[in-house]
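Peer 1:
Numbering (the UniProt record's numbering), first residue to last: 1 to 401.
What follows is the structure, given as structure tokens:
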């Protein structure tokens, strides 16, 4: 993985806006299969070029291939790993864990009752998106592990890899990455009805996911282990103390490191955040309580949420925590929580604050999370990425003196 020696490198969380014509095809994917596959290579080439135009250094395929193969951030993995089934949920059985934002829900019951929230999106609530009277319903089905977990997605991840590598042909001074679901996000929410215990089950999830990660690193690309659950699981277990949660994360680190075992650390980056839900977030676990555990994950680079109003102050943890030798951090310096485009001077300020503590060569600039589906309009997304690159250039000059 390149280091920020000449200038601060920039990247993003993974998800980017799709062209309107591709979205139109995906809306009727069952009947547009051939047309989608024909459109994809050009669409990936376009999004690669758009990222370069915005000044981004470490780029991806916008996650177009996952979307085109009937997948999404979490659901795509169901097509690539066998052993899970979606089964009717026993209404009398206690859930395995609480829902997103449960700690906040207890303090903001009126907000949750209003329906003016949504678990999986970050930007402002828009008409028709989630409004009073359109409240989330209790799930009637659940994901259950009923057999051995086996990765069968080799052909699908090969499509991801081939599309990005084709899009990168002839492009210099940029690197490619592909985001893949972390083992916690892939399996921790499902019930285990097959393996001896939760440890054996989660280690099996990790082994299955390793196949996807290995396909990416074998192709010479960077794999981003997408693991928002590293921080958001604090909400799923609302009665745990910080010490209990840290015990859980020790196990989580063991699982994640099993998933990347044998893979080149210099091609691995680890992403964690506090979830992209449109909700108060007043009970997010503080970064200072989990940062040492994040750094135990066997990755060279760590990307994390750092720009929004709940976490922007936490850059100061690096005044107390020493970044291990050889590691790189990539704090979010633009975010999905607002359609306001961050000023390049604000981006520069955020990067300089951290760069003075960890060294410019150990720093990259990124987004809090994927912003393609969470910001109101594609034009705003591209403006945010351009502002990030412009701010990184300003910060680079300042840090180089």
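Glycine included, each C-beta is placed from N, C-alpha and C at the ideal position.
To the nearest angstrom, report how far apart residue 354 and residue 146 are at their CA atoms.
Peer 2: 46 Å
Peer 1: For residue 151, name the three-state secondary structure that DSSP assigns.
Peer 2: strand
Peer 1: Just to confirm the assignment: which complete alpha helix (DSSP H) runs, minimum length 4, are found wholly within the stretch 45–121?
Peer 2: 64–68, 102–107 and 109–114
Peer 1: Decide yes or no for the touch test of the stretch 205–224 against the stretch 106–116: beta carbon pairs closer than 8 Å, at least 3 of them.
Peer 2: Contact annotation: the stretch 205–224 does not touch the stretch 106–116, with fewer than three C-beta pairs closer than 8 Å.
Peer 1: Please report the straight-line C-alpha distance between residue 372 and residue 330, rounded to a whole angstrom.
Peer 2: Between the C-alpha atoms of residue 372 and residue 330 there is a straight-line separation of about 19 Å.
Peer 1: With a CB to CB cut of under 8 Å and the five nearest residues on each side skipped, what residues in its chain are close to residue 387?
Peer 2: Hits under 8 Å: 334, 341, 342, 343, 344 and 347.
Peer 1: Let me know the secondary structure DSSP gives residue 195 once reduced to three states.
Peer 2: Assigned with DSSP and collapsed to three states, residue 195 falls in coil, not helix or strand.
Peer 1: Helix, strand or coil: how does DSSP classify residue 15 here?
Peer 2: coil
Peer 1: For residue 34, name the three-state secondary structure that DSSP assigns.
Peer 2: Helix, per DSSP.
Peer 1: Identify every residue that forms a DSSP beta bridge with residue 334.
Peer 2: Residue 334 is bridged to 367.
Peer 1: According to DSSP, simplified to helix, strand and coil, what is residue 456?
Peer 2: Shown here, the chain extends from 1 to 401; a query on residue 456 therefore has no answer.
Peer 1: Rounded to whole angstroms, what's the CA-CA distance from residue 43 to residue 19? Just pull it up for me.
Peer 2: Computed Cα separation, rounded: 7 Å.
Peer 1: Rounded to the nearest angstrom, what separates residue 58 and residue 94 at their Cα positions?
Peer 2: One C-alpha to the other measures close to 43 Å.
Peer 1: Taking 8 Å as the threshold, find out whether the stretch 185–196 comes into contact with the stretch 23–38 through three or more Cβ pairs.
Peer 2: no
Peer 1: Where do the N-terminal and C-terminal ends of the beta strand (DSSP E) with residue 23 fall, by residue?
Peer 2: It is not in any beta strand (DSSP E) - residue 23 instead sits in the alpha helix (DSSP H) that spans 20–27.
Peer 1: Would you give the residue range spanned by the alpha helix (DSSP H) that residue 236 belongs to?
Peer 2: 229–236
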